[in-house]
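Those letters in the sequence shown? Residues 0 to 137, by numbering that gives the first Met the number 0. Positions of the beta carbon are idealized from the N, C-alpha and C atoms, including for glycine. Since the model is a prediction, treat every value here as computed from it, not as a measurement.
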Amino acid sequence: MEQNPKKLAIIVQGSSYDKLHLMATLVGTAVSLGGEAELFLTYDALTRYVNGTLDEAKPALDDDAINQKYIEGIEDGRIPSITDLLRQAKEMGNVKIYGCSQSVAFLRLDSKLTQKLDGIVGYTTFLTSALDAKLVVI
0 MEQNPKKLAI
10 IVQGSSYDKL
20 HLMATLVGTA
30 VSLGGEAELF
40 LTYDALTRYV
50 NGTLDEAKPA
60 LDDDAINQKY
70 IEGIEDGRIP
80 SITDLLRQAK
90 EMGNVKIYGC
100 SQSVAFLRLD
110 SKLTQKLDGI
120 VGYTTFLTSA
130 LDAKLVVI
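Encoded structure:
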């Protein structure tokens, strides 16, 4: 199957601010270029998304000085919030956010929380959907 240069599929497990911000930035960039994006959230990333705590994550880069600069950038608004970036991306284009079925079961997530997702799917379903996409793992 040929890769669709306008389709981006991202598997996200990490939940540090820098990783979640990268996720949201890539999604926004993809849709602003006329493409579409699909997110597959697992464990920590899934929990943060359904609980509405994406913006409460802390950066977890290797260098403490860079982490501090990152925190300062968040606090003074130079680094946009993850929630705002995802909201803007969804308003601009086709963005789907899926929860990992195994993570949902393992974490025993309440169905009220998972209603925030566009669906709950397994790895096989997500990867099949992503066969024609550029795939990124964060």
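Among 87, 55, 50 and 59, whose alpha-carbon lies nearest the alpha-carbon of residue 110?
Locating residue 110 in the sequence shown gives position 111, where the first residue counts as 1. Closest option to residue 110, Cα to Cα, is 50.
Can you tell me whether residue 98 is helix, strand or coil according to DSSP?
Along the sequence shown, one-based indexing puts residue 98 at 99. In this structure, residue 98 counts as strand in the three-state DSSP scheme.
What residue from 5, 78 and 91 has the CA that sits closest to residue 18's CA?
Translated into the one-based positions of the sequence shown, residue 18 becomes position 19. Of 5, 78 and 91, the residue nearest in Cα terms is 78.
Hey, residue 88 and residue 34: beta-carbon distance below 8 Å or not?
The residue you call residue 88 lines up with position 89 of the sequence shown. The residue you call residue 34 lines up with position 35 of the sequence shown. No, these two residues do not count as a Cβ contact at 8 Å.
Let me check one thing: in DSSP terms, what residues is residue 39 bridge-paired to?
Translated into positions along the sequence shown, residue 39 becomes position 40. Its beta-bridge partners are 10 and 97.
Residue 72 lies in the alpha helix (DSSP H); which residues open and close that run?
Taking the first residue of the sequence shown as position 1, residue 72 is located at position 73. Looking at the DSSP string, the run of the alpha helix (DSSP H) that includes residue 72 is 63-74.
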